[in-house]
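This report concerns only the one structure given below.
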Ligand SMILES: Cc1cc2nc3c(=O)[nH]c(=O)nc-3n(C[C@H](O)[C@H](O)[C@H](O)COP(=O)(O)OP(=O)(O)OC[C@H]3O[C@@H](n4cnc5c(N)ncnc54)[C@H](O)[C@@H]3O)c2cc1C
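Residue numbers (the numbering used here): 825 to 1128.
And the structure:
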């Protein structure tokens, strides 16, 4: 019987693990891949405090992992495939075994939706990005494309105009889905050019993005634009399938918590990108991981 099982080894899980292990609880963290999470996909993190010259995503999470392991956090490379959650009993089944625990912290993160076109995977991290807040400043005075038409795509296009010389906002329909206020702002921004009824076919380039191939879905015309960055902002999917039907989710599938990171099931907490919230970053994930661990500890002591 564990005190806490943490599911997911990204920044939120590693921080929850650090706090739990340092509090001398019997904690285990389960990660289906190598610990680190999404931030492993980025070369340079410039907006995590404490690193004035930036730090690679790999090094940042490697440091988080060593720090947690210094306090004897046990990390196991296993995928959680099923959960049994009730206030009285919590069972975690992985691809290898079944375990019982008194509390659970869900830090399964999120996955950026992909276009699934040629060049996307190859050039990810070399011009293809899923996060303008993270990577926008790398494209100073360059031309970029944003793919999408929802609130995030439009908001991030406006954000990108602070750095880039031009944003092609490429949308498959002739109307944006974003709220009117954002649409008006985007339309009034001279650096943003809306490219309607258009889908990307290929992202081209050798060592980095050089060109994007586009198709107008109405006329069938195929065109190319030369640019340095492609921001794919077509949505973020919560890795919450495990808890569907048990833990309360928002309309987009993200886990709803209170401000202690507690879910609707006593003893089940959530932190990081899998939570319903406004900003998905390392800095928010680690803060929530710490809070979730603290709350789990209080729950185990009977204070919550
Ligand atoms: C390309 C890119 C660049 C980014 N750049 C920045 C940046 O510069 N600055 C910044 O602050 N943020 C950046 N972010 C965002 C940042 O990576 C996330 O906000 C952060 O990683 C969230 O941490 P997390 O621990 O909540 O989730 P994640 O990092 O998503 O980690 C979740 C982990 O859970 C594991 N998992 C999921 N399901 C299971 C299961 N069933 N069993 C076992 N393990 C499971 C996953 O394998 C994963 O390792 C970037 C994101 C991307 C995609």
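Every residue gets a Cβ at the ideal spot worked out from N, C-alpha and C, and that includes glycine. Note that the structure is predicted; figures quoted are calculated from it, not measured.
Taking a C-beta distance under 8 Å as the contact criterion, residue 1033 and residue 1016 do not qualify as a contact pair.
The alpha-carbon of residue 984 is positioned some 38 Å away from that of residue 904. A Cβ-Cβ separation of about 6 Å places residue 944 in contact with residue 938 under the 8 Å criterion. In the DSSP assignment, residue 1048 is bridged to 1037. Rounded to whole angstroms, the separation of the alpha carbons of residue 925 and residue 915 is 6 Å. Cβ contact annotation for residue 988 (same chain, cutoff 8 Å, sequence separation greater than five): 960, 963, 964, 965, 966, 967, 968, 1015, 1053, in chain order.
A Cβ-Cβ contact shorter than 8 Å links residue 1035 with residue 1028. Following the DSSP letters along the chain, one finds residue 1008 inside the alpha helix (DSSP H) bounded by residues 1004–1011. The nearest non-hydrogen atom of ligand 1 is less than 7 Å from the C-beta of residue 1104. Distance from residue 1049 to residue 1038 at the Cβ level is roughly 7 Å; contact confirmed, criterion being Cβ atoms closer than 8 Å. Under the criterion of beta carbons closer than 8 Å, residue 933 and residue 1098 qualify as touching, at roughly 6 Å. Our two residues, residue 1092 and residue 1120, have alpha carbons roughly 8 Å apart in a direct line.
In this structure, DSSP gives residue 1122 a helical state, which the three-state scheme calls helix. If the five residues before and after residue 1062 are omitted, its C-beta is found closer than 6 Å to the C-beta atoms of 934, 1077, 1078, 1098, all from its own chain and listed in chain order. Rounded to the nearest angstrom, the gap between the Cα atoms of residue 1023 and residue 977 is 14 Å.
For residue 948, there is no enclosing beta strand (DSSP E), as DSSP marks it with neither H nor E. With contact defined as three or more Cβ pairs closer than 8 Å, the stretch 875–895 and the stretch 832–839 are in contact. For residue 1107, the Cβ falls inside the 7 Å cut-off from some heavy atom of ligand 1. Taken through DSSP and simplified to helix, strand or coil, residue 902 comes out as coil. The stretch 1040–1047 and the stretch 949–958 do not touch, with fewer than 3 CB-CB distances between them shorter than 8 Å. With contacts defined as CB atoms closer than 8 Å, residue 1051 and residue 1019 fail to qualify as a contacting pair.
For residue 1124, the closest of 1095, 1086, 1111 by C-alpha to C-alpha distance is 1086. Counting along the chain, the unbroken beta strand (DSSP E) around residue 936 starts and ends at 934–936. Ranking 879, 897, 877 by CA distance to the CA of residue 855 puts 897 first. Taken in chain order, the complete beta strand (DSSP E) segments of 3 or more residues contained in the stretch 836–924 are 851–854, 898–900, 904–909, 914–918. Only residues of its own chain outside the window of five on either side were considered, and among them 852, 854, 916, 923, 925, 928 have a CB closer than 7 Å to the CB of residue 829, listed in chain order. Boundaries for residue 1095: no beta strand (DSSP E) harbours it, and the DSSP string shows neither H nor E there.
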